[in-house]
Amino acid sequence: MLNKLEKFLFFDGAMGTMLQKSGLETGKLPEELNITKPEVIYSIHREYLNAGSDIITSNTFGANRFKLKNSSHTVGEIITAAVKTAKKSTEGLEEKYVALDIGPIGTLLSPLGTLSFEEAYDIFKEQIIAGVNAGADIILIETMTDIYELKSAILAAKENSALPVFATMSFQDNGRTFTGTDVAAFVSVVEGLGVDVLGVNCSLGPKQLQSVVDELLKYSSIPVMVQANAGLPKYRNNNTYYDINPDEYSREISIMAKKGVAILGGCCGTTPEYIKNMIDALRELKPLKITKKHFTTASSSSKTVFIGEEVKIIGERINPTGKKRLKEALREKNLDYVIREAIAQQDSGSDILDINVGLPDIDEKEMMKKVITEVQSVVSLPLQIDSANYDVIEAAVRIYNGKPIINSVNGKKESMEKIFPIAKKYGALVVALTLNEEGIPSTSEKRLEIASDIIETAKEYGIPEENIVVDPLVLTASAEQAAVMETLKAIPLIKSKYNVKIVLGASNVSFGLPNRKLLNTTYLAMALGFGLDAPITDSTNDALMDVIRSYKVLSNQDKDSKEYIKAYSNMVPENTTYNSQSDLKDVIIKGLKEEAKSLSSDMLNRYDSIEIVNEFMIPALDIVGEKYEKQEIFLPQLIRSAETSKIVFETIKEKSLRDIEITDSKKILLATVKGDIHDIGKNIVKLILENYGYKIIDLGKDVDIERIVETALNEKINLVGLSALMTTTVKNMEYTIEALKKEVPQIKIMVGGAVLTPDYASKIGADYYSKDARGAVNIAKEFWGRTLE
Amino acid sequence: MSVRHIDNGLVKIDKTEALRYLGYKNKNVDEETVRLLDESITELQEISELKYVFKIFNIKKENNNIGFESGLTIKSDDLSELFKHCDKAAIMAATIGFEAEKRIRYYSVSNLSKAVVFDACAASCIESLCDIAEAEIKAIAAKENCNITYRYSPGYGDVPISHQIEILSVLNAQKLIGLTASDYSILMPKKSVTAFIGFDKGNKIHKKSCLNCNLFGNCGFVEGEKNHVK
Chain A
14 MLNKLEKFLF
24 FDGAMGTMLQ
34 KSGLETGKLP
44 EELNITKPEV
54 IYSIHREYLN
64 AGSDIITSNT
74 FGANRFKLKN
84 SSHTVGEIIT
94 AAVKTAKKST
104 EGLEEKYVAL
114 DIGPIGTLLS
124 PLGTLSFEEA
134 YDIFKEQIIA
144 GVNAGADIIL
154 IETMTDIYEL
164 KSAILAAKEN
174 SALPVFATMS
184 FQDNGRTFTG
194 TDVAAFVSVV
204 EGLGVDVLGV
214 NCSLGPKQLQ
224 SVVDELLKYS
234 SIPVMVQANA
244 GLPKYRNNNT
254 YYDINPDEYS
264 REISIMAKKG
274 VAILGGCCGT
284 TPEYIKNMID
294 ALRELKPLKI
304 TKKHFTTASS
314 SSKTVFIGEE
324 VKIIGERINP
334 TGKKRLKEAL
344 REKNLDYVIR
354 EAIAQQDSGS
364 DILDINVGLP
374 DIDEKEMMKK
384 VITEVQSVVS
394 LPLQIDSANY
404 DVIEAAVRIY
414 NGKPIINSVN
424 GKKESMEKIF
434 PIAKKYGALV
444 VALTLNEEGI
454 PSTSEKRLEI
464 ASDIIETAKE
474 YGIPEENIVV
484 DPLVLTASAE
494 QAAVMETLKA
504 IPLIKSKYNV
514 KIVLGASNVS
524 FGLPNRKLLN
534 TTYLAMALGF
544 GLDAPITDST
554 NDALMDVIRS
564 YKVLSNQDKD
574 SKEYIKAYSN
584 MVPENTTYNS
594 QSDLKDVIIK
604 GLKEEAKSLS
614 SDMLNRYDSI
624 EIVNEFMIPA
634 LDIVGEKYEK
644 QEIFLPQLIR
654 SAETSKIVFE
664 TIKEKSLRDI
674 EITDSKKILL
684 ATVKGDIHDI
694 GKNIVKLILE
704 NYGYKIIDLG
714 KDVDIERIVE
724 TALNEKINLV
734 GLSALMTTTV
744 KNMEYTIEAL
754 KKEVPQIKIM
764 VGGAVLTPDY
774 ASKIGADYYS
784 KDARGAVNIA
794 KEFWGRTLE
Chain B
3 MSVRHIDNGL
13 VKIDKTEALR
23 YLGYKNKNVD
33 EETVRLLDES
43 ITELQEISEL
53 KYVFKIFNIK
63 KENNNIGFES
73 GLTIKSDDLS
83 ELFKHCDKAA
93 IMAATIGFEA
103 EKRIRYYSVS
113 NLSKAVVFDA
123 CAASCIESLC
133 DIAEAEIKAI
143 AAKENCNITY
153 RYSPGYGDVP
163 ISHQIEILSV
173 LNAQKLIGLT
183 ASDYSILMPK
193 KSVTAFIGFD
203 KGNKIHKKSC
213 LNCNLFGNCG
223 FVEGEKNHVK
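Residue numbers (our numbering), protein chains in the order written: chain A, 14 to 802; chain B, 3 to 232.
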């Protein structure tokens, strides 16, 4: 049906609108009608077929485990009945197809909600297997607003059926879905995942959708479909109606068809009349030929980076090689540190972040998944998944939200055989290193040869050129001086033969020589001049950013020097240094975060770290605490002081790693209980407790009971802090306490959260109740019987 | 069913209200917090996606069950009392969207003091949005010579919060305004509200009071401290 697409394909219109017209009660599960009133559903399908629809949609939009929780029918029963009814309605008709309709689950995936990616996958899998067995011809995943949920549905469809997959999302008038995905990100992700048709449905009328359609056609290399609403919903005499008529609908749809949309139908408010009118209006037209687009992109759920248009920076800092603090953080599973590195890179101008967590003594796969999930929940940049292990890469690109970059494939046969199937299946962009079984070649020509080999082999797997970015590999000037220029010469050589973009990790060039900064910046400038598209570099390093910003001005990429002026017109003089002893206390009490770092570095020249903590930090925090209790200062100020103090602490720790180990005996486990996603209060408690030297193991929000118990046992925890904000989740707090007391009898538990009272806390078995973060410190002090002295 | 997308400029984010959420009680607000408030309000004006949907139903009352025409039934003494003089009621749902939520999460990691201020402003923002929705509903009620009760949300009094999913389904809120709920009835985006508003034939003036709140006696936000009996 899709082979040539020489004529338009027409879907049906709304099911819900037709059910309302038949006088059926709204608000109940319309999917149950497949079993209770199949004749009504049958006749609706027939009406659409008579109107000329080529494809009819089964009445299964919400037929999933979550929405049918309270139904007396199973997902399998409803989908089987629905698809059978739809099939029956096409009997005796030529070239008519049944699409298995799959809508959103109805609850959100983590991190916005609480459903895991795997749970979502299973929910969709159940629907797809039932639909395939009942004889559906197409899988239509529609009205999606979360690209992550859509990805799980597409994977479930592709892995459990061989049917064509059509995927549509709903966009608001700002060009984004409710969860923030724009058209470019949508196209890059779903096209990569191998759907057959993509498009837009619902949410708006056809007129308001024209700009979304333009974007879809601009980026898509596969057929585009549109199912618009019959205008915008209006309300009159207790009835909802849509505000445009069939003629107006057809007029807008004709415009879309002329632009290149090949598959058309209707959504809310449309009826057989609209469909018939639309088909008549398009009778004289033929679909436009689809052209391949050749963008090199990587995306997150909300941001797409186009490589090649202007210099893009791939941040390299999340890589433990040679980084003491990051190694330590990964071993301790201290993801806060990793996330802060990610934020620092985003804020300093990185466009993409490389993620490498390879350490010999950790479970790299688990850590990679965890880091990707956590970083993606806070930072909106696309990620580059960097590992030497193929199974780590596959696990990571599977749960990644967006279109990732894989770092890397190389010219070795084994590497290509392992990486290309993964890249193809998940639609990733791949970094290709110009080395093979014989090592890194010494000439630019040889680099081109290896690049050609990789690019041509990729094509055999169905991976287009634009999904390869080549890294021509830098050698160090101290060891192989003559080879340094060969890397640069390879850049234009490769680009002249293929439509590929170039990335380069360039800081190795200076290895073994003094004043590395000078060599690195000069080399970066040279590489950009040779046509480097995306340096893999450190955006928090001012000298390197100076080169990139100035290059963007001189190469006419930074139009009107806007970025450049923004970065350099308001340069402030270096911070003044502080000398007086009382200043650090003062800085903490006033919460002067910006001054904390330089001041504490400076003080380390005169005091040892323990002195700074005991003589300045703790006394200052006590004063802050008292002021807070007396209501002289309030929550934002308390937190600001705590953040300032944390900066002091981190600075000291950085300068003297061994000097200031916290004793393991004062560990506190914190968690927001299962089902609850309100964790801001817990985060405040954590910060304040850390200030007082307690070591916090933070399990985050929506934490399974088993995980809390397991961690308490493994880490030999004596004090646990639990938070819950909702009456519905306080129940889980009770269950968690019960499980902890059973498995770890000596353990003490403090609880907090808006709906708790001291009485209720003791009723559910908690040992302590705290109304705020300050109270938690007092509890911890009482528990250990003394302060950190 | 009425769906509205409200222009961000129309919603006033009340600084005093945000400060109250932060516990300030009109006392010495420091400069830095004021700066964070201003920043947060400006950002919210840029990124919020303010939307609400409501529908008006005929209601039936029997043995403290309130039956809405859609099939939704709420068993509640408190709501029955509030709706004593009502034959009609609106169900509404409002949200400020996911972008604000993403921003709060970002600040929770990068700048926690900003996060709490931003969170308080977002809370004030959703309240203001609900006020706009309420005003529209009030105007409809006035045409029918009714006053309206105050907004009564699931989780208040004895109205179970577990009705959230049903309410969203009755309003088609996921499709229309992108609002969903979890298994535990947590609304997502979090800065969202669902509520019942009765059309009061008796034209009684309804005023919300701390005295009939579940948290009365255990809450730091009590309005007018003289009412605060502990």
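Beta carbons are placed, not taken as given, at the ideal position from N, Cα and C, and that holds for glycine.
Enclosing beta strand (DSSP E) for residue i [first to last residue]
{"i": "F198(B)", "result": "194-202"}
{"i": "Q397(A)", "result": "396-399"}
{"i": "D79(B)", "result": "No beta strand (DSSP E) holds D79(B); the alpha helix (DSSP H) holding it covers 79-84."}
Within chain A, the residues that residue i reaches when beta carbons sit closer than 8 Å
{"i": "K140(B)", "result": "Result: empty, since nearest Cβ-Cβ is about 16 Å, beyond 8 Å."}
{"i": "L38(B)", "result": "P649"}
Chain B contact residues for residue i, given Cβ-Cβ distances below 8 Å
{"i": "K708(A)", "result": "None at all; the shortest Cβ gap to chain B is about 19 Å."}
{"i": "L121(A)", "result": "T182, S184, M190"}
Reference residue i, options the options, closest by Cα
{"i": "T18(B)", "options": "V36(B), Q176(B), H7(B)", "result": "V36(B)"}
{"i": "A767(A)", "options": "L537(A), V790(A), D689(A)", "result": "D689(A)"}
{"i": "G778(A)", "options": "K754(A), D785(A), T550(A), G798(A)", "result": "K754(A)"}
{"i": "A160(B)", "options": "R22(B), K57(B), N60(B), S82(B)", "result": "One detail in the question is off: residue 160(B) reads as Asp in this sequence, not Ala. Of R22(B), K57(B), N60(B), S82(B), the residue nearest in Cα terms is S82(B)."}
{"i": "T741(A)", "options": "I467(A), P632(A), H691(A), L22(A)", "result": "H691(A)"}
{"i": "E379(A)", "options": "K744(A), R411(A), A357(A)", "result": "R411(A)"}
{"i": "E261(A)", "options": "D711(A), T283(A), Y248(A)", "result": "T283(A)"}
{"i": "D121(B)", "options": "P162(B), A197(B), D40(B), K57(B)", "result": "D40(B)"}
{"i": "A91(B)", "options": "K62(B), A183(B), P191(B)", "result": "K62(B)"}
{"i": "I356(A)", "options": "K337(A), L339(A), V391(A), E329(A)", "result": "V391(A)"}
Extent of the continuous alpha helix (DSSP H) to which residue i belongs
{"i": "N173(A)", "result": "160-173"}
{"i": "K145(B)", "result": "114-145"}
{"i": "A243(A)", "result": "Taken as a continuous stretch (DSSP letters only), A243(A) belongs to no alpha helix (DSSP H), as it is neither H nor E."}
{"i": "P771(A)", "result": "771-776"}
{"i": "L343(A)", "result": "337-344"}
{"i": "D135(A)", "result": "130-147"}
{"i": "Y23(B)", "result": "17-23"}
{"i": "I636(A)", "result": "631-642"}
Neighbouring residues, chain B, relative to residue i (Cβ below 7 Å)
{"i": "H86(A)", "result": "Going along chain B, no residue has its Cβ under 7 Å from H86(A), so there is no contact; the nearest lies around 17 Å."}
{"i": "P246(A)", "result": "M3, V5"}
Within chain B, the residues that residue i reaches when beta carbons sit closer than 9 Å
{"i": "P117(A)", "result": "Q176, K177, T182"}
{"i": "M739(A)", "result": "G157, I163, Y186, S187, I188"}
Own chain residues within Cβ distance below 6 Å of residue i, not counting five before or after
{"i": "G638(A)", "result": "R787"}
{"i": "T310(A)", "result": "S201, T317, F319"}
{"i": "G226(B)", "result": "Confidence at G226(B) is low in this model, with a pLDDT of 49, below 50, so its placement is unreliable and the value that follows should be read with caution. Same-chain partners within the cutoff: there are none."}
Residues near residue i by beta carbon distance below 7 Å, same chain, minus five either side
{"i": "L394(A)", "result": "S313, K316, Q359, S363, D364, I365, L366"}
{"i": "S110(B)", "result": "A117"}
{"i": "A143(A)", "result": "V88, G89, I92, T93"}
{"i": "H307(A)", "result": "E479, N512"}
{"i": "K228(B)", "result": "Reliability fails at K228(B), whose pLDDT of 39 lies under 50, so the model's placement of it is uncertain and the value that follows must be treated cautiously. Nothing listed; no residue qualifies."}
{"i": "L18(A)", "result": "P236, A275, P300"}
Contacts of residue i in chain A (Cβ-Cβ under 7 Å)
{"i": "A117(B)", "result": "I693"}
{"i": "D32(B)", "result": "Q650"}
Proximity test, residue i beta-carbon vs the ligand GDP heavy atom, cut-off 6 Å
{"i": "L700(A)", "result": "For the ligand GDP, the structure offers nothing, since it holds no ligand at all."}
Proximal residues to residue i (C-beta, below 8 Å), its chain only, five neighbours per side dropped
{"i": "I385(A)", "result": "I368, L396, I398, A409, I412, Y413"}
{"i": "V716(A)", "result": "A684, T685, V686, K687"}
{"i": "I169(B)", "result": "L74, I93, A95, P156, A175, T196"}
{"i": "I636(A)", "result": "K598, I602"}
Closer than 7 Å between beta carbons: that is the criterion. Which residues of the stretch 387-398 of chain A meet it against chain B?
S390, V391
When Cβ atoms are compared, which residues of the stretch 41-53 of chain B fall closer than 8 Å to chain A?
E51
Proximal residues, the stretch 685-698 of chain A versus chain B, C-beta separation under 8 Å:
G688, D689, I690, H691, D692, I693, N696, I697
Give, in chain order, every residue of the stretch 67-97 of chain A whose Cβ lies closer than 7 Å to some Cβ of chain B.
none
For the stretch 160-192 of chain A, list every residue whose C-beta sits within 9 Å of some C-beta in chain B, in sequence order.
S183, Q185, D186, N187, R189, T190, F191, T192
Residues of the stretch 625-648 of chain A with a CB closer than 9 Å to any CB of chain B: list them in chain order, please.
Q644, E645, I646, F647, L648
Chain A contacts from the stretch 89-105 of chain B (Cβ-Cβ distance under 8 Å)
G99, F100, E101, E103, K104
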